[in-house]
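**Student:**
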Amino acid sequence: MTDAGTLLISMPEIADLADVRRAVVTTWRRRHADFPAPVAGQELDASIPMFHAPDVVRWLAANPRRGNRQIENADLRLYLLRCLGQRLGARTFVATASALLCLRHLDDDEPLVPMAAAAAAPPTVGAEKDDDLLASLRVRAERVDPDDRLLLSEVMALGPHASWLAPAVDELVEAAYNTRDAFGRLLGARHRFNVPELYTDSVVPRLAHLIAELSGAREQARETGVVHVADPAAGAGDLLAAVHAVIDEAEDVKLSGVEPDRFLARLARRRFTVAGVARRDLDIRAAASRHTNADAVVTRLPFRPAEERDAVEVLAAVRRIADALSSRQTAVILGPAEALVDPLPVHRPAVRRRDELLTTGLVEAVIHLPGGMVPFRPAYRTALWVLRREEDAPAHGRVLLADISDRELTDDIVETLVLDVATWRRDGFRPDEHLRVFASQAAISQLTTRPGEASVALTAPRPTGEPSRRAARAVVRIREIDDRIASHREGAGTGDAMPGFGGLVAEREDPRALPTASIARLARASAPGGPLLRILPGARIAPGHVRPIGNHSVFGAPELTGAARVGGRRIDRMVLADAYPRAALTQPGDIIVTTGPRFGAHLDESGYSIIEFPARGLRLTDAGRAVLTPRVLAALLVAAAPTGRAPGAVRGPRRLEDLCIAALPEPVVRRLDTLLAGADARRAQLLHELDMLDELRRTTVDGLTDGTLTLVAAPAPSP
0 MTDAGTLLIS MPEIADLADV RRAVVTTWRR RHADFPAPVA GQELDASIPM
50 FHAPDVVRWL AANPRRGNRQ IENADLRLYL LRCLGQRLGA RTFVATASAL
100 LCLRHLDDDE PLVPMAAAAA APPTVGAEKD DDLLASLRVR AERVDPDDRL
150 LLSEVMALGP HASWLAPAVD ELVEAAYNTR DAFGRLLGAR HRFNVPELYT
200 DSVVPRLAHL IAELSGAREQ ARETGVVHVA DPAAGAGDLL AAVHAVIDEA
250 EDVKLSGVEP DRFLARLARR RFTVAGVARR DLDIRAAASR HTNADAVVTR
300 LPFRPAEERD AVEVLAAVRR IADALSSRQT AVILGPAEAL VDPLPVHRPA
350 VRRRDELLTT GLVEAVIHLP GGMVPFRPAY RTALWVLRRE EDAPAHGRVL
400 LADISDRELT DDIVETLVLD VATWRRDGFR PDEHLRVFAS QAAISQLTTR
450 PGEASVALTA PRPTGEPSRR AARAVVRIRE IDDRIASHRE GAGTGDAMPG
500 FGGLVAERED PRALPTASIA RLARASAPGG PLLRILPGAR IAPGHVRPIG
550 NHSVFGAPEL TGAARVGGRR IDRMVLADAY PRAALTQPGD IIVTTGPRFG
600 AHLDESGYSI IEFPARGLRL TDAGRAVLTP RVLAALLVAA APTGRAPGAV
650 RGPRRLEDLC IAALPEPVVR RLDTLLAGAD ARRAQLLHEL DMLDELRRTT
700 VDGLTDGTLT LVAAPAPSP
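Residue 0 is where the sequence shown starts when you use numbering that gives the first Met the number 0, and the numbers rise one by one after that.
1) Nearest-angstrom Cα distance between residue 414 and residue 355?
2) Let me make sure I understand the geometry here. Which of 615, 29, 241 has the alpha-carbon closest to that of residue 740?
3) Taking just the CA atoms, how far does residue 532 sit from residue 251?
4) Would the stretch 599 to 608 count as touching the stretch 581 to 588 if we require 3 or more Cβ pairs under 8 Å?
5) Here's the rule: buried if 16 or more other CB atoms are within 10 angstroms of the residue's CB, otherwise exposed. What is residue 537?
6) Taking only the alpha-carbon atoms, compute the straight-line gap between residue 282 and residue 380 and give it to the nearest angstrom.
7) May I have the straight-line CA-CA distance separating residue 266 from residue 302, to the nearest angstrom?
8) Looking at residue 182: is its Cβ nearer than 7 Å to the Cβ of residue 100?
9) Can you tell me the Cα-Cα spacing of residue 163 and residue 112, whole angstroms?
10) Please classify residue 688: is it buried, with 16 or more other beta-carbons within 10 angstroms of its beta-carbon, or exposed?
11) Roughly how far, in whole angstroms, is the beta-carbon of residue 178 from the beta-carbon of residue 313, given that I think they are within contact range, below 8 Å?
12) Enumerated in chain order, which unbroken segments of the alpha helix (DSSP H) with a length of 4 residues or greater are wholly contained in the stretch 607 to 648?
13) Per DSSP, which one or two residues make a beta bridge with residue 654?
14) Anyone know if the C-beta pair for residue 269 and residue 246 falls short of 7 Å?
15) Among residues of its own chain, excluding the 5 on either side of residue 259, which ones have a beta-carbon nearer than 8 Å to its beta-carbon?
16) For residue 284, list the residues DSSP reports as bridge partners.
17) If residue 594 sits next to residue 651, beta carbons under 8 Å apart, how far is it from one beta carbon to the other, in whole angstroms?
18) So, does the stretch 29 to 37 touch the stretch 85 to 95, judging by three or more C-beta pairs under 8 Å?
19) Give a yes or no on contact between the stretch 133 to 152 and the stretch 72 to 86, applying the rule of three or more CB pairs nearer than 8 Å.
20) Going by alpha carbons, who is nearest to residue 195 out of 234, 598, 390?
21) Going by beta carbon distance, what residues of the same chain come within less than 6 Å of residue 67, once the five residues before and after it are set aside?
22) Roughly how many whole angstroms lie between the Cα atoms of residue 408 and residue 212?
23) Nearest by alpha-carbon distance to residue 230: which of 132, 50, 293 is it?
24) If you run the structure through DSSP and keep just helix, strand and coil, what is residue 557?
25) Alpha carbon to alpha carbon, how far is residue 149 from residue 98?
26) Label residue 554 either buried or exposed according to how many other C-beta atoms from any shown protein chain fall within 10 Å of its C-beta, with 16 as the threshold for buried.
27) Going residue by residue through the stretch 6 to 39, where are the continuous beta strand (DSSP E) segments of at least 3 residues, counting only ones entirely within it?
28) Between the alpha carbons of residue 25 and residue 9, how many angstroms are there, rounded?
29) To the nearest angstrom, report how far apart residue 400 and residue 360 are at their CA atoms.
30) Considering just the uninterrupted stretch of the beta strand (DSSP E) at residue 439, what are its terminal residues?
31) When the distance is taken between beta carbons, is residue 634 closer than 7 Å to residue 685?
32) Could you tell me the alpha carbon to alpha carbon distance between residue 353 and residue 321, rounded to whole angstroms?
33) To which residues of the same chain is residue 410 closer than 8 Å at the C-beta, ignoring the five residues directly before and after it?
34) Within the same chain, show all residues whose beta-carbon is closer than 7 Å to that of residue 279, passing over the 5 residues directly before and after it, in chain order.
35) Have a look at 78, 339, 54, 304 and flag the residue whose alpha-carbon is nearest the alpha-carbon of residue 385.
36) Mapping the DSSP letters down to three states, classify residue 677 as helix, strand or coil.
Okay, structure coming up:
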């Protein structure tokens, strides 16, 4: 943007505004006769076409682009306002623009620029100071905000910029239809402003909605007609705004928060004032009061870099919030997963802190969230703790656990999670009435750490539903599949035998969860005979060293995730010896595993392969083979693995070392190994047959198309 007596915009800026490439704007100029003509002027560079910005805005609004989303006039006005705001500095611009929006809202939605003045002199950048307009704005600000809690300081400091900023704000309001929507669009573009505190800690909207629903504020408002919600780390008020959005307009809502940053605190006050919260019901202050009577608390713990993150500090902050809760008060806390759900190092103070929190009986639910919930910090793994002080809780001594770290947080998942927690909060654990989808109950005594034992993950995957019903359904389904496989084999005329699962799988007399152990724990030398397995590193192989032919197969993420055929990438032994002298070959029975870009595992029965980073290998030791077999270990890994990685996350939901596998009894391990061996042999046979059918089709069609083959009539069937 420049100001040669008018608001000017260049072609690259038009492309940015319209979200198209620079060449598209050139095409518009050539094909559309009504596209605004360039502005001529002695102070302008003739080689750089400049256009009258309001004319371009009107043209784009009247001519939606084909094949793309339609540009709304409010979006264009906001873009224009943002470009003009570069003159003020980002922080000052956001404060001033939001103050003017709040001023117009409080002054009965009267335009900031009187209609007569706007018609007589359209706004121009660089115009002389409009004393009358500035004086009018200051008088109005003193009238609506005499104690300067919202906007008076910002309007008083406006100065000569009022001549262009006030009309631009008016245009944004008119395009958005009201001040509330205009304010929402301003905050919606926060990531485009160079004000880090506005967006670095903001969460995705679905997570904010989940937190709001879990707080129980909606139910409290419906029961009593009024609800008080607090956030001890309010920031710009995102979580409070999410709670306010789910409460019906007929109910009264009181919002309070703590934010020591004056800029953010005043912005939050203006935000909720424009949203319709009465001044008496809004309290955003710089320091916390000693006691809050809020019905619900929603907050996020301060972010710390991984190297500075201290689980003790995180859990201490959670404890302070828990201790401040009164009867029937609820708190929803967002914090780092390392402290809230992951296994903690043995003999560390954090273990005792978390156990103490769990044994208070205040922890209602623990939810392990997907990655990418804080968009500006995609590697930041988060979790939710839901706390509630209930004297006669129906689920006393138990806690609700959910792990959605490998799923995308969709609207359906949010709704289902809220239902899981709501029925738990109301009725406790009643499996006959509520079969929860994502959450499962666990006794707190099973989650606390016993002396000398390693801590457990609070959201280790657990099956949901009543165990007896689940077992009965599984047995019926296994036998159905077994019968279908047998009928297909009989119809195909194959007489090869494969052990049937249906006759060997039965319900347990005492259905209960089996103990689990993490891969990291199995790899530690804690057993009498040493560790049960070893973790093998992968080698970084240069792309030029991998060829279709060679002495050793290369196993990496492409093979393990199905992107490449097993055995299709190989490496020569001489290249391996020269370039990778420290790379070790696999042994028969090694399991090759990758967790990125998604989970994959392969049992290398022949051995003598190379593991390509980021894949790694697992090798059972002699002590491990006494309790496990490679085939069973591979199957247990697949069963415990996450289903995928959520969009926006830069890492998988769990590391290989964090995967927990069930500790099956030794007789069950041997029987399962026999079943899996038969199934794998049959599967390998079918895959080989599929490969031959593919080659048969390909060879026939290639010969017909290049003219070397033809087809003859099929022989007549013999009598």
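Where a beta carbon is used, it is the ideal one built from N, C-alpha and C, also for glycine.
Since this is a predicted model, take the numbers as computed values, not measurements.
**Tutor:** On the basis of the supplied data:
1) Here the question's residue 414 lines up with position 415 in the sequence shown. Here the question's residue 355 lines up with position 356 in the sequence shown. Taking the straight line from one Cα to the other gives about 31 Å.
2) Beyond the ends of the chain as shown, which are 0 and 718, falls residue 740; an answer cannot be given.
3) Start at 1 with the first residue of the sequence shown, and residue 251 comes out as number 252. Start at 1 with the first residue of the sequence shown, and residue 532 comes out as number 533. For residue 251 and residue 532, the distance between alpha carbons rounds to 60 Å.
4) yes
5) The residue labelled residue 537 in the question sits at position 538 within the sequence shown. With 16 or more other Cβ atoms within 10 Å, it is buried.
6) In the sequence shown, the residue the question calls residue 282 occupies position 283. In the sequence shown, the residue the question calls residue 380 occupies position 381. The alpha-carbon atoms of residue 282 and residue 380 are separated by roughly 31 Å.
7) Numbered from its first residue, the sequence shown carries residue 266 at position 267. Numbered from its first residue, the sequence shown carries residue 302 at position 303. So the two alpha carbons sit approximately 21 Å from each other.
8) Position 183 of the sequence shown, counted from the start, is the residue given in the question as residue 182. Position 101 of the sequence shown, counted from the start, is the residue given in the question as residue 100. Yes.
9) Indexing the sequence shown from 1 puts residue 163 at position 164. Indexing the sequence shown from 1 puts residue 112 at position 113. Using only the alpha carbons, I get a separation of about 10 Å.
10) Along the sequence shown, one-based indexing puts residue 688 at 689. The residue is exposed, with fewer than 16 neighbouring Cβ atoms inside 10 Å.
11) By one-based count along the sequence shown, residue 178 stands at place 179. By one-based count along the sequence shown, residue 313 stands at place 314. Not really, about 39 Å apart at Cβ, beyond 8 Å.
12) The stretch 607 to 648 contains these whole alpha helix (DSSP H) runs: 621 to 624, 629 to 639.
13) Looking up residue 654 in the sequence shown gives position 655. Its beta-bridge partners do not exist; DSSP assigns none.
14) As a first step, residue 269 is located in the sequence shown; it is residue number 270 there, counting from the start. As a first step, residue 246 is located in the sequence shown; it is residue number 247 there, counting from the start. No, the pair does not count as a contact, with Cβ atoms beyond the cut-off.
15) Numbered from its first residue, the sequence shown carries residue 259 at position 260. For residue 259, same chain residues with a beta-carbon under 8 Å away, outside a window of 5 residues either side, are 285, 286 in chain order.
16) Mapped onto the sequence shown, residue 284 falls at position 285. BP columns for residue 284 point to 257.
17) Your numbering for residue 594 matches position 595 in the sequence shown. Your numbering for residue 651 matches position 652 in the sequence shown. The pair is a contact, with the Cβ atoms about 4 Å apart (cut-off 8 Å).
18) no
19) Flag = no, the stretch 133 to 152 and the stretch 72 to 86 do not touch.
20) If you number the sequence shown from 1, residue 195 lands on position 196. The shortest Cα separation from residue 195 among 234, 598, 390 belongs to 234.
21) The residue given as residue 67 occupies position 68 in the sequence shown. Reliability fails at residue 67, whose pLDDT of 47 lies under 50, so the model's placement of it is uncertain and no value is given.
22) Counting from 1 along the sequence shown, the entry for residue 408 is found at position 409. Counting from 1 along the sequence shown, the entry for residue 212 is found at position 213. Using only the alpha carbons, I get a separation of about 14 Å.
23) Here residue 230 corresponds to residue number 231 of the sequence shown, with the count starting at 1. Nearest option by C-alpha distance: 293.
24) Taking the first residue of the sequence shown as 1, we reach residue 557 at position 558. It is helical.
25) For the purposes of this step, residue 149 is identified with residue 150 of the sequence shown, where counting begins at 1. For the purposes of this step, residue 98 is identified with residue 99 of the sequence shown, where counting begins at 1. About 7 Å.
26) Start at 1 with the first residue of the sequence shown, and residue 554 comes out as number 555. Buried is the call here.
27) 6 to 9
28) The sequence position of residue 25 within the sequence shown is 26, counting from 1. The sequence position of residue 9 within the sequence shown is 10, counting from 1. Answer to the nearest angstrom: the Cα atoms are 12 Å apart.
29) The residue labelled residue 400 in the question sits at position 401 within the sequence shown. The residue labelled residue 360 in the question sits at position 361 within the sequence shown. Straight-line Cα distance between these residues: approximately 14 Å.
30) Stepping through the sequence shown from its first residue, residue 439 is reached at position 440. Note, residue 439: beta strand (DSSP E), 438 to 442.
31) Against the sequence shown, residue 685 aligns to sequence position 686. Against the sequence shown, residue 634 aligns to sequence position 635. It is not a contact, given that the beta carbons lie outside the stated cut-off.
32) Residue 353 sits at position 354 when you count from the first residue of the sequence shown. Residue 321 sits at position 322 when you count from the first residue of the sequence shown. Computed Cα separation, rounded: 12 Å.
33) Counting from one through the sequence shown, the residue named residue 410 turns up at place 411. Around residue 410: 205.
34) Numbered from 1 along the sequence shown, position 280 holds the residue referred to as residue 279. Only residues of its own chain outside the window of five on either side were considered, and among them none has a CB closer than 7 Å to the CB of residue 279.
35) Here the question's residue 385 lines up with position 386 in the sequence shown. Ranking the options by Cα distance to residue 385, first place goes to 339.
36) Counted from its first residue, the sequence shown places residue 677 at position 678. In this structure, residue 677 counts as helix in the three-state DSSP scheme.
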